[in-house]
Structure formats: C-alpha cells, structure tokens
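Trainee: My questions all concern the structure below.
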Amino acid sequence: MEEKNQVISKNELQRLADDIQLEEEVVEFLQEHAETFVESVTDFACTLAKHRNSNKLESCDIQLALEQLWGMRVPCIGQTVPTLRKPSVLPAHTYRLQVIDSEQYSKGERRTPSSGRGLGKIKKADLKANKLNRKGEVKPTKKEADSDQVT
C-alpha cells in the first residue's frame, strides 16, 4: 500500500502504540481495517447526503452512518442525543399477565408466546365489562358502588 492513500501511516500507528511492539502483519491488518471503516462510513454518509438532495456532507450524515453501520452513538456539536425510553407497561396489563400465570401455574401449564391463547383464560367477565382500572384493580360495579354509598 502507498503511504499517501492510507488512513493512518505505519509511523503514526507505532507512535499511538508506543508501549508495545507491533508486528508487521498486525500493522497491515490495522491499516486495512481502519481504511475499510473510513470508506464504509464515508460512502454511507455520502449516500445519506444525496438522499437529502444535498451536495454537502454534514456532520449529521456521519453521525447517522456511524449509528446505522457500527452502532456508535456520537453526539454532534450543539445537538443533544435523544434518550431511548422503554415503553411503559400499564399496571392493568401486568395484572392480566399475573392472572394468566397463576391460572396456568395451578393447572400445570406455562404461558408461552406461541401458545396462541393470549387473554383466553383470564377473567373474561372483568375484561368485557371493563372492570379493571389502570392500576389493575377490579372496579366495583354500579350496584356495589350504590350499596356502599347507602350504608
């Protein structure tokens, strides 16, 4: 390989690794992979810039290319990295899963995603009548609520 076309020269690589002695094969291996890394990121970033109908490569193109190709999150200057949040599970859903698990455990069965049963064995009357509130508790019926108020 020519020194002019390399991403990192042998001397620069050796200077970065002053504490250890690198074999010639290791130096060549690292140079090839560094070049492949830079080429793949640059090619993908240029494709992204063309997709934006731009003839100018911007830092956001490099950022997205690194994230998509290599899973590397690099914040750009002046930008904040969005935090990924897990979707919240409603307590009512957790309650339903607990009901399913307890019923299947008592029968010696196990709940599996491929069983296709879904919500088949939970208290259908509660679900159909919408008696579960957001906390997963059973709501009192109108008759029960009226009888509590009268007493």
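In the numbering used here, the protein residues as written are 2 to 152. Virtual Cβ for every residue (Gly too), placed ideally from N, Cα, C.
#1: Helix, strand or coil for P92, going by three-state DSSP, please let me know.
#2: From the DSSP output, in three-state form, read off A18 for me.
#3: Count the other CB atoms within 10 Å of the CB of A66; is the residue buried (16 or more) or exposed (fewer)?
#4: Short check: CB of E36 to CB of V8, under 8 Å?
#5: Measuring CB to CB, does V28 end up less than 8 Å from K11?
#6: To the nearest angstrom, how far is the alpha carbon of C61 from that of W71?
Mentor: Well, looking at it:
#1: Helix, per DSSP.
#2: Three-state result, A18: coil.
#3: The residue is buried, with at least 16 neighbouring Cβ atoms inside 10 Å.
#4: For E36 and V8, yes; Cβs fall inside 8 Å.
#5: For V28 and K11, yes; Cβs fall inside 8 Å.
#6: Approximately 15 Å between the Cα atoms of the pair.
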